[in-house]
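All residue numbers for the sequence shown refer to the working numbering, where the first residue is 6 and numbers rise by one.
Here's the structure, in structure tokens; my notes come after.
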Amino acid sequence: MVLFFTSTVVSPSVMLYMGRDKVENEDLIKFAHPGDVWFHVDKLSSAHVYLRLPENASMTWDAIPEALLTDCAQLVKANSIEGNKKDNLTIIYTPADNLKKTGDMAVGQVSFHSDKKVLHVPQRENAIVNRLNKTKNERVVDHEQERVDRLKREATARRAAAAEKKKADLELARAREAEKAARSYDSLFSGDPEEEEEQKGPSRKSVRELEDDFM
């Protein structure tokens, strides 16, 4: 079972989720979307809380609004048996695809491929935790099907973007050809008429004069 929460401190609202236990956390580590952001209490046992960033949005994991970071951090703290009783906690967070899992690690244990960020949480803020808990719902998740659905959405989005780019490139090429043709056409009717006449060669009168010279 997976627990889902809704954070309304940003617009549009975003989804937070976490596993009910360490076994469920293993599935979340495996099947979390690459763009999801993982949160955990540093050096203490806690829930694995994930933030689902909106698809096709400008928000990135290293530029999450402060209020949303606070929601995630408070939810993590509230779901840590030991951490919930302590003040001045450190919360770590990183993209889900930065999580590293090896065969010798215990259930629910992870490390990182590269960098992570940290948050400082002075104390529990009940107003935030209560607000999030009011949105909580629990449901069984078919992680494999969710992955298939996500990959289909991403493939559809890529095809649409490629088609849009192809259309834009074609329109640009046509515009350039039209501009080139217009410049070529205009050049036929630009410049000094006398100069154009000289460029065409000798006039009829000049030709006759030349013929007379040889008769």
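A virtual CB, placed ideally from N, CA and C, is assigned to each residue, including glycine.
Since the structure is predicted, the reported quantities are computational estimates derived from the model, not experimental observations.
The C-beta distance from Q79 to V134 rounds to 5 Å, short enough to fall under 8 Å. Of the residues T11, V145, D26, the one whose Cα lies closest to the Cα of M20 is T11. The C-alpha of L124 lies about 29 Å from the C-alpha of G108. In this structure V81 touches V54 by the C-beta definition: roughly 5 Å separates them, less than 8 Å. By the criterion of a C-beta distance shorter than 7 Å, R155 is surrounded in its chain by H38, once the five residues flanking it on both sides are discounted. Sequence-distant partners of T95 (beyond 5 residues in either direction) whose C-beta falls short of 8 Å from its own C-beta, in its chain, are V46, D47, K48, V123, L124, H125, V126. In the three-state reduction of the DSSP assignment, G24 falls in the strand class.
The alpha helix (DSSP H) runs lying completely inside the region 27 to 76 and spanning 4 residues or more are 27 to 36, given in chain order. DSSP places V7 inside the beta strand (DSSP E), whose first and last residues are 7 to 12. Comparing alpha-carbon positions, the option among D26, T65, S50 lying closest to E87 turns out to be S50.
Note on the region 104 to 150: whole beta strand (DSSP E) runs with a minimum of 3 residues are 122 to 126, 142 to 144, in chain order.
In the three-state reduction of the DSSP assignment, V153 falls in the helix class. Apart from sequence neighbours up to five positions away, the residues of its chain that approach H118 with a beta-carbon distance below 7 Å are N103, K105, ordered along the chain. Rounded to whole angstroms, R163 and V42 show a C-alpha spacing of 22 Å. Assigned with DSSP and collapsed to three states, V19 falls in strand. At the C-beta level, K141 and F9 come within 8 Å of one another. Setting aside the 5 residues that flank it on each side, L33 is surrounded in the same chain by G24, H53, Y55, each with a C-beta closer than 7 Å to its C-beta; the list follows chain order. Apart from sequence neighbours up to five positions away, the residues of its chain that approach L137 with a beta-carbon distance below 6 Å are F10, L80, ordered along the chain.
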